[in-house]
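According to this note's numbering, the residues represented by the sequence shown are -4 to 401, in order. Positions of the beta carbon are idealized from the N, C-alpha and C atoms, including for glycine. Keep in mind that this is a model prediction, so the values were computed, not measured.
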Amino acid sequence: MATKAAELPIFTWEGTDKRGTKIKGEQVAKNVNLVKAELRRQGINPTKVKKKAKPLFGATGKAIKSQDIAVFSRQLATMMQAGVPLVQGFEIVAGGQENPRMRDMLIDIKQNIEAGSSLSESLARHPVHFDELYVNLVQAGEQAGVLDTLLDEIATYKERIEEIKSKIKKAMFYPIAVIGVAIIVSLILLIYVVPQFQVIFEDAGTDLPAFTQLIINISEWLQNNGAIVFGGIGAGIAAFIFVKKRSKPFNHFLDRVVLKIPVIGQIMHNSAIARFSRTLATTFAAGVPLVDALETVSGATGNQVYGDAVKQIKEDVSVGHQLQLAMRQVNLFPHMVIQMTAIGEESGALDTMLKKVAEFYENEVNQAVDALSSLLEPLIMVVIGGLVGSLVVGMYLPIFKLAATV
C-alpha cells in the first residue's frame, strides 16, 4: 500500500537549470535524496533542499470545499482530453494547489494509481469529497474506455450543481439578511439610543405619548432582560443546528415548509428539478442502469421531499413502470418535465431530453434569484428605514409636543 501523502514531508528546494538560471519550488517526497534524484531527472541541479517548516499550530490548510472538487474535475478532464497521462495530470493539478489538504489528497490518489489501483478505487478512498455518484461515474468511464469523455461530463455536472447551490444560498441569504439587519439595528437603537432620550423626557417631566411610552417600555425590558434574550437566541440557533444535523424528520419538515414559501418555494422546486434532471442525465448517459441511477439521484436533489419522491419513482420503475408514469404518480414534477421525459423514453434519447430539462430549470433558477435580489435590495432599505423611522418618530413626538406648547 502506498504511503499516504498526508504522512510525507514537503521539501523546499533551490537549483539551477541547464541554462544556469536559478529556480526554486516545492516537492513532496520521503526524503531529501529522492527530491534531489527527481530534480536531476528533470535536468535541474539542486543547490539547496530542506524540509519545509510546519505551521506553528499544526495548521494543514483550509477545508476542502465542493467547489474545489468541481475545479479539480474540470482541470483533470481538460488534461485527459489533451492526451496528458492520468498520473502526470494529477502531478500537474496537485502542484498548482495552494491548499495543502487538497494537494495532499491529490498526491495520495496519484500514489494509489501508481500502486495499481484504478482511478475510481483511488477516489473511493476519500468518500467525504468524492461521493458514490462521482465514483460510479468514473468507474463507468473506466469500464467503457471513455474516461476522458466521462470526466468532461462529470466536470460539467459538478460545475452546474455548484452553480445551482450558489444561487440557492444567495436566494436564502437575502431574506435572512433583511431580518438580521433589521433586528440588529432595532436592538442597538432600543438599548443604547432610546435611554438617552428617556433621561431627557424624565428631566422635562412631561406626559409621554402612548407610542413613545411603548418604545421606552420595550427598551427598559430589553435592558433588564437582554442577557436572557441574547442567551435564548443563541441557544435557539445552537439547538436548531444540532437538530438539523441529526434529525431526518426535522429536515424533511423544513424542506416541506421551504417548498411552500412564496417565491423562495418556487426557486427550491426548480432547483430540485434541475438537480434531479442533471444528475439522472449524467448517470444514465454514463451507462448506469436506470434503477441504479435513480438510487444515486435520490440523494442529490438537495431536498428530502424530492429525495423521497425519487425513491418512490425507483420502486415503481423497478417493477416495470415507465419513468414518466412513475414521475407522474408522485405529483411533484410539472407537466412539461413529464412530457419531455416521455419523449426521451420513446425516442431512446432520455439523457438528452433530461439535459434540456436541466438547462431550462437552471436558467429559471438563475432568473428567479436575480429577480429576487433586485426585489429585496430596496425592500431591505424600506424595512430598515421603517423600523428606524418609527423609533425616531416615537422619540421626537414628545419634543414636538413641547415645542407646540411654547
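I need the straight-line Cα distance from Q62 to K160, nearest angstrom please. 10 angstroms
Beta-carbon contacts of F52 that lie in its chain and below 6 angstroms, excluding the five residues immediately before and after: Low local confidence applies: a pLDDT of 47 at F52 is under 50, so the model's placement there is unreliable, and no value is given.
Tell me the DSSP bridge mates of F6? Q22 and K46
C-alpha gap between L386 and Q218, whole angstroms: 16 angstroms
Cα separation between A353 and M75? 26 angstroms
Check the C-beta distance from N94 over to I59 and give it rounded, since I have them as a contact under 8 angstroms. 7 angstroms
Would you call N298 buried or exposed, if buried means 16 or more other Cβ atoms sit within 10 Å of its Cβ? buried
Any idea if V123 is buried or exposed, counting beta-carbon neighbours within 10 angstroms, 16 or more meaning buried? exposed
How far does the alpha helix (DSSP H) with I262 in it extend, from its first residue to its last? I259 to A280
Distance between S293 and V283 (C-alpha atoms, nearest Å): 15 angstroms
Use the C-beta contact count for N265: other C-beta atoms within 10 angstroms, 16 or more gives buried, fewer gives exposed. buried
How is the alpha helix (DSSP H) around A150 delimited, first residue to last? L142 to I183
By the DSSP assignment, the alpha helix (DSSP H) with A139 in it spans what residues? E127 to A139
Looking at R35 and I156, is the spacing between their C-beta atoms short of 8 angstroms? no
Per the contact definition of three or more C-beta pairs closer than 8 angstroms, is the region 362 to 380 in contact with the region 168 to 185? yes
For the candidate residues N131, V30, S112 and F85, whose alpha-carbon lies nearest to that of L101? F85
Here's a check: name, in chain order, each residue in its chain whose Cβ is nearer than 7 angstroms to the Cβ of P393, leaving out the five neighbours to either side. F196, T201, L203, P204 and T207
Give the straight-line distance between the Cα atoms of E33 and V130, rounded to the nearest whole angstrom. 32 angstroms
Please classify N40: does DSSP put it in a helix, a strand, or coil? strand
Should V364 go down as buried or exposed, given a rule of 16 or more other Cβ atoms within 10 Å for buried? buried
Bridge partners for K17 per DSSP, in chain order? T11
Rank I256, V252, S181 and T336 by C-alpha distance to the C-alpha of V300 and give the top, closest one. V252
Assess, as a yes-or-no matter, whether the region 324 to 336 is touched by the region 218 to 238 under the definition of 3 or more beta carbon pairs within less than 8 angstroms. no
For L128 and L145, which I take to be in contact (beta-carbon distance under 8 angstroms), what is that distance rounded to the nearest angstrom? No, L128 and L145 are not in contact; Cβ-Cβ is about 12 angstroms, not under 8 angstroms.
Distance between F248 and P329 (C-alpha atoms, nearest Å): 22 angstroms
Contact between the region 37 to 46 and the region 7 to 21 is defined here as three or more beta-carbon pairs at a separation below 8 angstroms; is this criterion met? yes
Between the alpha carbons of A54 and R96, how many angstroms are there, rounded? Note that A54 has pLDDT 48, beneath the 50 cutoff, so the model's placement of it is unreliable and the number below is only indicative. Taking the straight line from one Cα to the other gives about 10 angstroms.
Look at the alpha carbon of N220 and the alpha carbon of L185, and state the distance between them as a whole number of angstroms. 13 angstroms
I think A304 touches L327, with their Cβ atoms under 8 angstroms apart; what is that distance to the nearest whole Å? 5 angstroms
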